Structure formats: C-alpha cells, structure tokens
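Undergrad: Following the numbering used here, the numbering of the sequence shown begins with 71 at its first residue and continues without gaps. Idealized CB from N, CA, C, for every residue including glycine. Remember, predicted model here, so these are calculated numbers, not experimental data.
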Amino acid sequence: VSLLLKSRAFDKSNSLYNSSRSCPKISRSISNMISSTERSLKKCSSSYSLDDNRKTLIYLTSKTRFLRHSRQARLLCAAVDPENFGQIGLDGVSLDGNKWDRVMLKVSGEALAGPQGFGIDKSIVNAVAKEVAAASSSGVQIAIVLGGGNFFRGVDYEGEGLDRASADYMGMLATVMNCISLQAALEQIGVPTRVQTAFEIQEVAEPFIRRKAIRHLEKGRVVIFGAGTGNPFFTTDTAAALRAAEISAQAFLKATKVDGIYDKDPNMYADAVFRPDITYDEVLERHLSVMDATAITLCRENQIPVVVFNMNLEGNITQAICGSQIGSSIVI
C-alpha cells in the first residue's frame, strides 16, 4: 500500500486491483498483503468477501479484532474504502489525523500499584491496556517503558546491605515483572505485544534489538521495553528517553499522578502554579522534579518533545498518544 500511494497511481474511484495493474511490483505487493490479510481474518472468523479476481478486498465489518489492532489491515481498508476507513497521506503513514506516528509512553511502577502501594493492581493495568489498545487502533505506533517502583526501587535500598549497583539490578528485574503483566493484559484484549529487555531473559522476553523493535512497531505491535538501560545508576526515565531516541519516537509521554508540570510540588504546596508549557532549559535550571536531568538532556539533544499528563483521568492516555493537547509540554 505504501508503494502504491507513493507512486501516486492510486485512484480512489477505482478498485485496488485496477489501480495497481500498471505496476507489477505494486500488484504483487498488494496481492501478498491481501492473502496475508485473508488468512488473518479467517483466524478470527470475520465476515469478508473477495471478488472473482480475488484482488479487491471488501470488509463487511470494522469490529474485528484483526482490523482494530493491525496496521496493515487499516492501510488496506483505507485504500479500498477511504470514505469509511479514513484518509491516508501520500507517505502511507499518517492515519485518522493523529499528531504523531510513533511515541514513547513512560508509566511509573508506583502508578501500577494503585491504592495498595505495593505490587500490581489488576484494575489499573487493565485500564492502561484498554487505553493503549484504543490508541493503537488509531494507527499510532506505541512503545512503552515501565518503572519498577511498585516492587523495588534501587536508590531507596542503597546502603542497607546492598551496594547501589546491585540494588539497581534488582530494580531492573522489577520492571520486567511489570512488563510481563502489561503484555498479558494487552494480549488478552487482542493487541499483539512484544517485551524486549536490556539484558537477556530468553524464557520470558526478547533481548533489545533496535531494528527488531522498529520492525515490531511497523507491524502494529506494541513494544514494551524492560530492565531499564541494563546499566546501574540510570533511571527508567533515562531508559525511556534513550529508547525513544533509538526508535526515532516523535514524542515522549510521561504518565504521572498530577495534571502536568508545576513550579513546585502540588502535593506539598497549595500555591503551586501549573505550567502548560515550559522549556528544557528552564526545567534544568529550576531543578523541577519532572524527570531526571539525564532524561531531559537526552530529549533536548534529540529534539523529542515531552508531554507530562495525569494518567488517573480516564481517556488521558489515549488522548496523549493521539496528540491531543493535555497536561504540560516541554519544548525547545
């Protein structure tokens, strides 16, 4: 579909087959994708039909699991029926008016613990999964980094029988438990998900390979990065900023417990002033505890905009991923 659109040979008034006849390479590519799509639709028992030439794909429903969560299926639907399935730009990427095509979502471990303060609150994990699924169905490629503070935070245990490096490694293992939990919640509702870790745990996750992670994203899968950077003395915020730069994410979305960035801690000071927009330099100069300085610097140097928002408000995660104006933005 991307080749077809870039060739500018696509005529919305004609069928997919007729518009690709003039280019054998495009025709073969479309045929292969239709065959792949047909097999996937059969697996989920969706209603579908193909014309006599088996070239034009006609969807009878937009409610199937495959359609909601496969980027390839959305591209095919939009090409066959742009009126009902949305417009595709000539680059074959932008769908449904989303602001970004690929984003990095950072969720803290403490947020997953809920009111109990420790472990994993299933209702919160399921809520996060549903919102990520909704955003993924709109065409945005989503990478996620999870913290591990709901189980173990290395910096809190330094000097209590543990050196900092060992404590940080334990914290990395805690993030992997959160990753597996979120992966299970996402796949339970039909979202294909992959977990990649900074060090090898082959029985439960893939090792982080940049090109493989990008390929997963391009196929419409959600990718969850675990075990931080794989090195002690670095936070999961820094890990998220690093992975965002590596996969060329267009935005860093930090899900927190507050509405955005304040000039001081709103939980301690009633006169804290909300800042809808702020620069990287001001965050660093005023030592605002939004993210650690290393993460902020990485985002600034790679020109990745940062959005800080409240994940406890229903729908905020989906809105942030799709590019709606919520929370606070850190810009150059």
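1) Just checking, does the stretch 283-295 make contact with the stretch 311-320 on the three C-beta pairs under 8 angstroms criterion?
2) Determine the DSSP secondary structure at residue 214, reduced to helix, strand or coil.
3) Take residue 299 as the anchor and find which of 372, 242, 362 and 249 has the nearest alpha-carbon.
4) If contacts are defined as beta-carbon pairs under 8 angstroms, then residue 205 and residue 325 qualify, I think. What distance do you get, rounded to the angstrom?
5) When DSSP labels each residue in this structure, what does residue 290 get in the three-state scheme?
6) Can the beta-carbon of residue 365 be found less than 7 angstroms from the beta-carbon of residue 306?
7) Grab the span of the beta strand (DSSP E) containing residue 325 for me, first residue to last.
8) Report the option in 185, 303, 202 and 335 whose CA atom is closest to the CA atom of residue 234.
9) So, for residue 385: in the same chain, excluding its five sequence neighbours on each side, which residues have a beta-carbon less than 8 angstroms away from its beta-carbon?
10) Taking C-alpha atoms, which residue in 269, 198 and 246 lies nearest to residue 255?
11) Would you kindly check if the distance between the Cβ of residue 375 and the Cβ of residue 297 is under 7 angstroms?
12) Suppose the cutoff is 6 angstroms on Cβ atoms and the five residues either side in sequence are ignored; what does the same chain contact list for residue 138 look like?
13) Have a look at residue 301 and residue 239 and give me their C-alpha separation to the nearest angstrom.
14) Use the C-beta contact count for residue 84: other C-beta atoms within 10 angstroms, 16 or more gives buried, fewer gives exposed.
15) Taking the alpha-carbon positions, what's the residue 232 to residue 226 distance?
16) Can you list, in chain order, the residues of its chain whose CB lies under 7 angstroms from that of residue 354, leaving out five sequence neighbours each side?
17) Which class does residue 346 belong to by DSSP, given the choice of helix, strand or coil?
18) Under 8 angstroms Cβ to Cβ from residue 349, same chain only, skipping five residues before and after it: list those, please.
19) With C-beta atoms as the reference, is residue 176 less than 7 angstroms away from residue 210?
20) When the Cα of residue 377 is compared with those of 397, 220, 286 and 369, which residue comes out closest?
21) From residue 192 to residue 248, what does the alpha carbon distance come to, in whole angstroms?
22) Please state the DSSP three-state secondary structure of residue 272.
23) Please classify residue 406 as buried or exposed, where buried requires at least 16 other C-beta atoms within 10 Å of its C-beta.
24) Just reading off the beta strand (DSSP E) that residue 395 is part of, what are its end residues?
25) Give the secondary structure of residue 261 by DSSP, where H, G and I count as helix, E and B as strand, and everything else as coil.
26) Once you ignore the five residues that flank residue 388 on each side, which residues in its own chain have a CB closer than 6 angstroms to its CB?
27) Looking only at DSSP bridge pairs, what is residue 374 linked to?
28) Classify residue 296 as helix, strand or coil using the three-state DSSP reduction.
29) Kindly indicate the opening and closing residues of the beta strand (DSSP E) around residue 192.
30) Please list, in chain order, all residues of the same chain as residue 251 whose beta carbon is under 6 angstroms from its beta carbon, the five residues on each side excluded.
31) Determine the closest residue to residue 220 out of 244, 394, 339 and 236, with distance taken between C-alpha atoms.
32) Restricting to Cα atoms, I'd like to know which of 184, 331, 265 and 392 is closest to residue 344.
TA: Taking the structure as given:
1) At 8 angstroms Cβ cutoff, the stretches touch.
2) Three-state result, residue 214: strand.
3) The shortest C-alpha separation from residue 299 is found at 242.
4) Not a contact, Cβ separation roughly 12 angstroms.
5) Looking at residue 290 - three-state DSSP - the assignment turns out to be coil, as it is neither helix nor strand.
6) Against a cut-off of 7 angstroms, the Cβ pair of residue 306 and residue 365 comes out as no contact.
7) Residues 322-326.
8) When only C-alpha atoms are compared, the closest one is 303.
9) These residues qualify, in order along the chain: 201.
10) When 269, 198 and 246 are compared, the shortest CA-CA separation from residue 255 is found for 198.
11) Annotated as distal: residue 297 and residue 375, with beta-carbon spacing of 7 angstroms or more.
12) With a pLDDT of 41 at residue 138, under the threshold of 50, the modelled position of that residue is not reliable, and the figure given next carries that caveat. 207, listed in sequence order.
13) In this structure, the CA atom of residue 301 is about 8 angstroms from the CA atom of residue 239.
14) Confidence at residue 84 is low in this model, with a pLDDT of 44, below 50, so the placement of that residue should be treated as unreliable; the coordinate-derived value is given next. Per the 10 Å Cβ criterion, exposed.
15) About 10 angstroms.
16) So the qualifying residues of the chain are 363 and 366.
17) Residue 346: coil per DSSP, three-state reduction.
18) Same-chain partners within the cutoff: 400, 401 and 402.
19) The answer is no: Cβ separation not under 7 angstroms.
20) The residue with the shortest Cα to Cα distance from residue 377 is 397.
21) Going by the C-alpha atoms only, they are around 11 angstroms apart.
22) Three-state result, residue 272: coil.
23) With the chain represented from 71 up to 402, any question about residue 406 goes unanswered, as that position is not in the structure.
24) For residue 395, there is no enclosing beta strand (DSSP E), as DSSP gives it neither H nor E.
25) Three-state result, residue 261: coil.
26) Non-local C-beta neighbours of residue 388 in its own chain, meaning closer than 6 angstroms and more than five positions away in sequence, comprise 201, 204 and 205, ordered along the chain.
27) DSSP output for residue 374 lists no bridge partner at all.
28) Judged by DSSP in its simplified three-state form, residue 296 adopts strand.
29) Unbroken run through residue 192 is the alpha helix (DSSP H), 192-206; no beta strand (DSSP E).
30) Excluding positions up to five away in sequence, the list reads 190 and 195.
31) Residue 220 has its Cα closest to that of 244, out of 244, 394, 339 and 236.
32) Taking only the C-alpha atoms, the option nearest residue 344 is 331.
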